[in-house]
Every structure is written in structure tokens, then in C-alpha cells.
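A short worksheet on the structure shown next.
Protein chains in written order, with the numbering used here: chain A, 346 to 455; chain B, 2 to 123.
The structure is reproduced here in C-alpha cells:
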């Protein structure tokens, strides 16, 4: 049902930089800002990036977001073992109207 | 600090009604800057927006669930509620309540409850 497409998995080694993509359409990403959520195993999602590239207080600057057209991406540099989690993009979809989430990307730190 | 906490039955029989409460502390439900929402996550799957409500009582719902969902508020107790009727096994999920920040034109769920697992089974 998700209107946003993410790769199901991503991986990297400690210290590396990884990016996670999120693809949408003219009714969602193209016309609204994108948020990213981190979900550690067994916990609730946590807001990681809002308004495409803004970080809430406490989120380190090695986390960054960007948006272009109908796509967005999340970048994590200096990868840590505790970055291992599921990551979800989300935005508003004018056709619902309401929030829509990506299918999630499981990040593994090898 | 802002905290949300879901509560309600963990087991519901098929065809019956699922009812959950979200208790909010550290933030007033009666605020023009926030809506109050429910999101669910079936086991091993992704997140699905169910709906959200303004303190004045108007609800906004996912079209796929709209015929079965009601979200309401009790501003006197700083709670809000989810009701989902005619449940089936497909409604088995962890249900999260969350605050939707609408203070700018860019909306985000900035605070979440820990979630509660609801299983639909006879």
C-alpha cells in the first residue's frame, strides 16, 4: 500500500558512509517535505530528520537528509554498530490526504 | 518531557471492536500546534498511518480504513482514543499513538508512544 519506495536492505562496515533512498511521486515527495524515522528493534520509531534535512535536538550531524524532485535520501556517515535499525521515510500525500510511509530499509552494520 | 502511552486489550476476537487509549503527558491535547494520531505496524512489516484528530474533534482517516475507524479526544483527561470495528486477523499489529506537529506547513510525528501489540484471534 505504501506510496513511497525504499530498498528493503542496506549495509556497511563501521566508519563507512551509507545512503538510503526513498522514491515517491508528484502527489507526495515532489510537493511536501520528507521526514526520516529510525526504529531500533522492539522500540517505537524516532524522528531522525524532518523538513528534508533538519535534525531534531540530539541527532548527530553525521546524519543528513536531502530531497530532489520526487526522491529523497538519508545519509549516515561514520557508521556505528548501534546504527543498525530499520529506517523509514515519510511525507504527506495530497491524494489521501494524509501521511504516507515508505516500506522501510533494514540497515545492517557488518 | 512529552510522553505518550498506549493502553487497551492485547487480544480481540474476530468481528469485534478494538479500542485503545493514548495518555498524553507533557503536552496539551488542546493545542492548535498538534494533531494526535495512530499508526500501526503488523509483525515484521512496515508502518501504516491509521488517522489523526484535532482537539476540536475532527478526524482524518486513511481511506483504506475509514469505514471502520474512529479517533476521538477527551481534552479534560488529555487522552485520545482509537476505535476499529469488525476486526480480522489482518488487523493484528503493534499500535502506536503519536503527536503530529502541524505548527509549520511541514508535518512530522515528533513524539511516539512505545506501542502496544493487539492480536486478533478467537
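Here a beta-carbon is modelled for each residue, glycine too, at the ideal position from N, C-alpha and C.
Any chain B beta carbon closer than 7 Å to residue i
i                      : result
residue 375 of chain A : no
residue 396 of chain A : yes
residue 444 of chain A : yes
residue 381 of chain A : no
residue 378 of chain A : yes
From the options, residue whose alpha carbon lies closest to that of residue i
i                      : options                    : result
residue 396 of chain A : A:369, A:409, A:362, A:370 : A:409
residue 104 of chain B : B:84, B:11, B:32, B:58     : B:32
residue 49 of chain B  : A:441, A:454, A:452, A:455 : A:441
residue 112 of chain B : A:455, A:427, A:384, A:398 : A:384
Residue-chain proximity (residue i, chain A), Cβ-Cβ < 7 Å
i                      : result
residue 61 of chain B  : yes
residue 109 of chain B : yes
residue 58 of chain B  : no
residue 36 of chain B  : no
One or two residues paired with residue i in a DSSP bridge
i                      : result
residue 391 of chain A : A:383
residue 114 of chain B : Answer is none; residue 114 of chain B lacks a bridge partner.
residue 94 of chain B  : B:119
residue 406 of chain A : According to DSSP, which records beta bridges pairwise, residue 406 of chain A is partnered with nothing at all.
Using 8 Å as the Cβ pair cut-off and three pairs as the minimum, do the segment 410-420 of chain A and the segment 374-387 of chain A touch? yes
- Message: Between the segment 84-98 of chain B and the segment 110-123 of chain B, can you find at least three pairs of beta-carbon atoms closer than 8 Å?
- Response: yes
**Message:** Check whether the segment 67-86 of chain B and the segment 32-43 of chain B touch, using three or more Cβ-Cβ pairs below 8 Å as the test.
**Reply:** yes
Exercise. Assess, as a yes-or-no matter, whether the segment 80-87 of chain B is touched by the segment 15-25 of chain B under the definition of 3 or more beta carbon pairs within less than 8 Å.
Key: yes
Does the contact criterion of 3 or more C-beta pairs under 8 Å hold for the segment 53-67 of chain B versus the segment 446-453 of chain A? no
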